[in-house]
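**Q** Chains W and L are the protein sequences, given in the same order. Numbers 1 to 288, taken from my numbering, label the letters of the first sequence in order. Numbers 289 to 576, taken from my numbering, label the letters of the second sequence in order. Here a beta-carbon is modelled for each residue, glycine too, at the ideal position from N, C-alpha and C. If you scroll down you'll find the structure; I have some questions about it.
There are 2 protein chains.
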Amino acid sequence: MEKTKLAFIGTGVMGSSIISHLLNANYEVTVYTRTKEKAKQLIEKGALWAETAREAAGSSDVIFTMAGYPADVESIYFDELGIFSGSREGQIVIDMTTSSPALAIKIAKEASARKMNSIDAPVSGGDVGAKNGTLSIMCGGEKEIFEKVSPILAIFGKDIVYQGVAGAGQHTKMCNQIAIATNMIGVCEALAYAVKAGLEPETVLKSISSGAAGSWSLSNLAPRILKEDFEPGFYVKHFLKDMNIALEEASNMDLKLPGLELAREMYAQLVEKGYGDKGTQALYKSYQ
Amino acid sequence: MEKTKLAFIGTGVMGSSIISHLLNANYEVTVYTRTKEKAKQLIEKGALWAETAREAAGSSDVIFTMAGYPADVESIYFDELGIFSGSREGQIVIDMTTSSPALAIKIAKEASARKMNSIDAPVSGGDVGAKNGTLSIMCGGEKEIFEKVSPILAIFGKDIVYQGVAGAGQHTKMCNQIAIATNMIGVCEALAYAVKAGLEPETVLKSISSGAAGSWSLSNLAPRILKEDFEPGFYVKHFLKDMNIALEEASNMDLKLPGLELAREMYAQLVEKGYGDKGTQALYKSYQ
């Protein structure tokens with residue numbers, strides 16, 4: 001059997017690392033992204049270039065997408081020169097963008113109508129996880145298809161978990177973002193209190209980081225905050241996008257999430273103040 | 289030199305475990321608590337019984353206190369039959385209650401006026417940490433006195449950290465509670481969303497617990513919530529007390545903590561609904 005041909009649309013920081021892993025595993029990968037310049041290094045490494053999403057998808061068996069916002073995803077799939085316009089039966093599309101569960105379901109329906117298959121597979125682990133090939137991948141779609149593509153996902157992922165029907169991967173990523181959002185408030189408030197009370201915040205972290213107050217953010221982002229390092233990590237503007245998706249879905253499900261609402265409001269204010277391109281730990285600036 | 293004589297006032301779940309460790313280390317420990325019955329097992333293990341806080345303290349060099357609320361602490365120290373009424377020069381008092389920084393400072397001043405010394409030393413690690421002798425102990429007071437009592441604290445503590453002047457231990461514990469409070473909201477909202485979206489919440493935890501959303505509460509309390517196990521752990525009513533102290537101190541420092549305010553409001557509603565004696569994970573009931 002000939003080796004599965006891959007396409008990868010979107011060559012940002014995350015996408016580029018993932019594509020490198022796929023190339024290293026000797027897959028043929030056709031790439032497309034809006035600005036060809038951003039794919040230059042990948043092409044030098046052996047990726048094939050396509051002029052449109054449609055062209056990239058056309059020659060491939062499994063098509064990955066990873067963009068910034070749901071509107072970008074929608075355009076990659078549904079535009080005149082998008083994936084679906086040149087689709088073939090049996091192709092599998094995998095959207096790895098953190099995007100809306102509703103859009104994942106829309107893509108799954110369109111794929112099904114075209115006798116294609118789809119998996120929504122957003123990730124966590126950030127640029128470091130992508131680089132090291134240790135991403136956590138949360139998958140929604142048909143289980144049989146999930147099992148078929150799992151060996152490919154395993155090339156760049158560590159915890160690859162099937163979460164259920166189409167959209168379930170995106171819903172799971174929303175759970176991830178919801179847990180992070182309110183926790184970031186707690187981390188920032190603990191530090192703001194420590195500073196205001198005249199404590200040495202680094203010493204406070206020694207007392208509180210390994211117990212019941214402990215969290216990934218407290219261990220990894222609080223020390224950056226104390227060094228006034230607000231570089232991303234994960235962009236404020238993207239986090240705000242995720243919170244908006246989660247709150248819209250929650251509202252559709254008649255679920256009130258007051259903590260997430262507060263976080264959204266605070267992050268929206270951060271963006272207004274010009275911190276959209278900073279890391280999520282810049283929430284601390286709300287307390288200064 | 290004769291071995292330091294200890295007193296321990298307050299023989300609740302935490303106090304009892306700590307006293308056991310001190311007895312096992314061959315210290316003479318005189319105990320007092322409002323209900324003698326609660327000290328019975330300790331007396332059988334060799335603790336001496338005193339009829340009042342004053343009497344317990346009178347015969348001791350280092351006096352520990354661990355009560356429920358700041359009002360109890362105030363009474364143990366300042367009442368007619370309290371510690372200060374029978375104080376001797378050179379005694380050291382150590383309050384391990386999670387209590388107000390302002391009260392810690394008040395005790396330190398009174399101790400100083402009586403040529404005694406004081407340390408505020410609230411702990412984290414809960415009943416399990418107390419039982420295993422692995423409590424995190426956050427200390428405020430004079431550094432010299434902290435160093436003097438450290439070997440005794442090391443009998444039941446693991447991370448024993450000097451945080452600064454009188455009140456600094458309590459302020460540090462407030463940081464701990466602040467970080468926990470808002471994180472609990474995030475944990476509950478992530479689970480509530482998962483359930484409402486029709487996901488398998490246990491499977492969601494597999495995807496999100498070890499990454500950037502990870503926290504002690506997500507790993508330890510979310511599974512209990514999913515089993516509908518709302519037993520304490522740490523009481524809702526005590527947590528509410530801590531949040532009230534933190535918000536009062538924050539207000540005195542002109543610091544706005546909107547996340548903590550939200551948590552306080554939600555926990556106050558839980559107490560109103562009769563969940564005061566449940567564990568802090570009962571916050572999940574706000575979403576049901």
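(1) Whose C-alpha, out of W:L221, W:G125 and W:L153, is nearest the C-alpha of W:I92?
(2) Please list, in chain order, all residues of the same chain as L:M554 whose beta carbon is under 8 Å from its beta carbon, the five residues on each side excluded.
(3) Are the region 461–481 of chain L and the region 91–106 of chain W in contact at 8 Å, needing three or more beta carbon pairs?
(4) In terms of DSSP beta bridges, what is W:W49 paired with?
(5) Using DSSP with H/G/I as helix, E/B as strand and the rest coil, what is L:I443?
(6) Would you report the Cα separation of L:Q557 and W:A168, rounded to the nearest angstrom?
(7) With a threshold of 7 Å between beta-carbons, can L:M354 be considered close to chain W, or not?
(8) Which same chain residues, not among the five before or five after L:G370, have their C-beta less than 7 Å away from its C-beta?
(9) Looking at chain L, is there any beta carbon in it that lies within less than 7 Å of the beta carbon of W:M138?
(10) Does any heavy atom of the ligand SAH sit closer than 6 Å to the C-beta of W:Q288?
(11) Where does W:M116 fall in DSSP's three states?
(12) Rounded to whole angstroms, how far is the Cβ of W:A263 from the Cβ of W:A181, which I believe are closer than 8 Å?
(13) Of all the alpha helix (DSSP H) runs that stay within the bounds of the region 458–538 of chain L, which reach a length of 4 or more residues?
(14) Starting from W:A140, follow its DSSP beta bridges and name the residues at the other end.
(15) By the three-class DSSP mapping on this structure, what secondary structure does L:G414 have?
(16) Whose CA, out of L:E368, L:T491 and L:V361, lies closest to the CA of W:D159?
(17) So, is L:M289 buried or exposed, given that buried needs 16 or more other C-beta atoms within 10 angstroms?
(18) Counting only beta-carbon separations shorter than 7 Å, does L:G564 have a partner in chain W?
(19) What are the partner residues of W:A7, as DSSP defines its beta bridges?
(20) Under 7 Å, CB to CB, which of the residues in the region 250–275 of chain W have a partner in chain L?
(21) Excluding the five sequence neighbours on either side, which residues of its own chain have a C-beta within less than 6 Å of the C-beta of L:A313, listed in chain order?
(22) Run the CB neighbour count on W:V128, radius 10 Å, all protein chains shown included, and call it buried at 16 or more, exposed below.
(23) From L:D325 to L:S308, what distance separates their C-alpha atoms?
(24) Under 7 Å, Cβ to Cβ, is there at least one residue of chain L near W:Q163?
(25) Below 8 Å, how does it come out for the region 417–432 of chain L and the region 199–214 of chain W: are there three or more Cβ pairs, yes or no?
(26) Look up W:D95 in the DSSP assignment and give the residues it is bridged to.
(27) Determine the DSSP secondary structure at L:G421, reduced to helix, strand or coil.
(28) Should L:W337 be flagged as near chain W, meaning a C-beta pair shorter than 7 Å?
(29) What is the DSSP secondary structure of W:G82, reduced to helix, strand or coil?
(30) Taking L:K529 as the reference, give the member of L:K291, L:P511 and L:S387 with the closest Cα.
(31) Should L:I331 be labelled buried (16 or more other beta-carbon atoms within 10 Å of its own) or exposed?
(32) Under a Cβ-count criterion, where at least 16 other Cβ atoms within 10 Å of its own Cβ denotes burial, should L:P439 be classed as buried or exposed?
(33) Quick check on L:D542: buried or exposed, where buried means 16 or more other Cβ atoms within 10 Å of its Cβ?
(34) Closest Cβ-Cβ distance between W:L199 and chain L: below 7 Å?
(35) Going by the DSSP bridge assignment, what does W:G279 pair with across the sheet?
(36) Nearest chain L C-beta to W:G82 closer than 7 Å, yes or no?
**A** This is what the structure holds:
(1) In the first sequence, the residue the question calls residue 92 of chain W occupies position 92. Ranked by Cα distance from W:I92, the options W:L221, W:G125 and W:L153 are led by W:L153.
(2) The sequence position of residue 554 of chain L within the second sequence is 266, counting from 1. If you ignore the 5 residues before and after L:M554, its C-beta comes within less than 8 Å of the C-beta of I473, L571 and S574, all in its own chain and listed in chain order.
(3) no
(4) As a working mapping, residue 49 of chain W is identified with position 49 in the first sequence. Note: W:W49 sits in a beta bridge opposite W:V31.
(5) Here residue 443 of chain L refers to the residue found at position 155 when the second sequence is read from its first residue. Reduced to three states, the DSSP call for L:I443 is coil.
(6) By one-based count along the second sequence, residue 557 of chain L stands at place 269. By one-based count along the first sequence, residue 168 of chain W stands at place 168. Cα to Cα, L:Q557 sits roughly 32 Å from W:A168.
(7) Within the second sequence, residue 354 of chain L is the residue found at index 66, counting from 1. It does not; no Cβ of chain W falls within 7 Å.
(8) As a working note, residue 370 of chain L is residue 82 in the second sequence. The residues are A341, R342, S363 and I364.
(9) In the first sequence, counting from the first residue as 1, residue 138 of chain W sits at position 138. It does: the Cβ of W:M138 has a partner Cβ on chain L nearer than 7 Å.
(10) In the structure on display, the ligand SAH does not appear, and there are no ligands present to speak of.
(11) Indexing the first sequence from 1 puts residue 116 of chain W at position 116. Note: W:M116 maps to coil in three-state DSSP.
(12) The residue you call residue 263 of chain W lines up with position 263 of the first sequence. The residue you call residue 181 of chain W lines up with position 181 of the first sequence. About 4 Å; that satisfies the 8 Å criterion.
(13) 489–496, 504–508 and 510–514
(14) In the first sequence, the residue the question calls residue 140 of chain W occupies position 140. Reading off the sequence, residue 140 of chain W comes out as Gly, not Ala. Paired residue(s): W:D120 and W:G164.
(15) Taking the second sequence and counting its residues from 1, the one referred to as residue 414 of chain L is at position 126. Residue state, collapsed to three classes: helix.
(16) Taking the first sequence and counting its residues from 1, the one referred to as residue 159 of chain W is at position 159. Of L:E368, L:T491 and L:V361, the residue nearest in Cα terms is L:T491.
(17) In the second sequence, residue 289 of chain L corresponds to position 1, counting from 1. Confidence is the limiting factor: at L:M289 the pLDDT is only 45, short of 50, which leaves the residue's position unreliable, though a coordinate-based value still follows. With fewer than 16 neighbouring CB atoms inside 10 Å of its own CB, L:M289 falls in the exposed class.
(18) In the second sequence, counting from the first residue as 1, residue 564 of chain L sits at position 276. Taking Cβ atoms only, chain W never reaches closer than 7 Å to L:G564, which makes this a no.
(19) For the purposes of this step, residue 7 of chain W is identified with residue 7 of the first sequence, where counting begins at 1. W:A7 pairs with W:T30 and W:I63.
(20) Answer set for the region 250–275 of chain W: A250, M253, L255, L257, P258, G259, L260 and L262.
(21) Within the second sequence, numbered from 1, the residue matching residue 313 of chain L stands at position 25. Around L:A313, the same chain offers I443 as residues with beta carbons nearer than 6 Å, after the five sequence neighbours per side are excluded.
(22) Your numbering for residue 128 of chain W matches position 128 in the first sequence. Exposed, by the Cβ-count rule.
(23) Counting from 1 along the second sequence, the entry for residue 325 of chain L is found at position 37. Counting from 1 along the second sequence, the entry for residue 308 of chain L is found at position 20. Looking at the sequence shown, residue 325 of chain L is not Asp but Glu. Roughly 16 Å between the two C-alpha positions.
(24) Along the first sequence, one-based indexing puts residue 163 of chain W at 163. Yes, its Cβ sits closer than 7 Å to a Cβ of chain L.
(25) Contact between the region 417–432 of chain L and the region 199–214 of chain W is present, because at least three Cβ pairs lie under 8 Å.
(26) Here residue 95 of chain W refers to the residue found at position 95 of the first sequence. The partner list for W:D95 (beta bridge, DSSP) reads W:T65 and W:D120.
(27) On the second sequence, position 133 is the one that residue 421 of chain L refers to. In the structure shown, L:G421 sits in coil (DSSP, three-state: anything other than H, G, I, E or B).
(28) By one-based count along the second sequence, residue 337 of chain L stands at place 49. Answer no: the Cβ-Cβ gap between L:W337 and chain W never drops below 7 Å.
(29) On the first sequence, position 82 is the one that residue 82 of chain W refers to. If DSSP states are grouped into helix, strand and coil, W:G82 belongs with coil.
(30) Working through the second sequence from its first residue, we reach residue 529 of chain L at position 241. Measuring from the Cα of L:K529, the nearest candidate turns out to be L:S387.
(31) For this step, residue 331 of chain L is matched to residue 43 along the second sequence. Classification for L:I331: exposed.
(32) Your numbering for residue 439 of chain L matches position 151 in the second sequence. Exposed is the call here.
(33) Numbered from 1 along the second sequence, position 254 holds the residue referred to as residue 542 of chain L. Classification for L:D542: exposed.
(34) Here residue 199 of chain W refers to the residue found at position 199 of the first sequence. For W:L199, the answer is yes, since a Cβ of chain L falls inside 7 Å of its Cβ.
(35) Stepping through the first sequence from its first residue, residue 279 of chain W is reached at position 279. Answer is W:Y235.
(36) As a first step, residue 82 of chain W is located in the first sequence; it is residue number 82 there, counting from the start. It does not; no Cβ of chain L falls within 7 Å.
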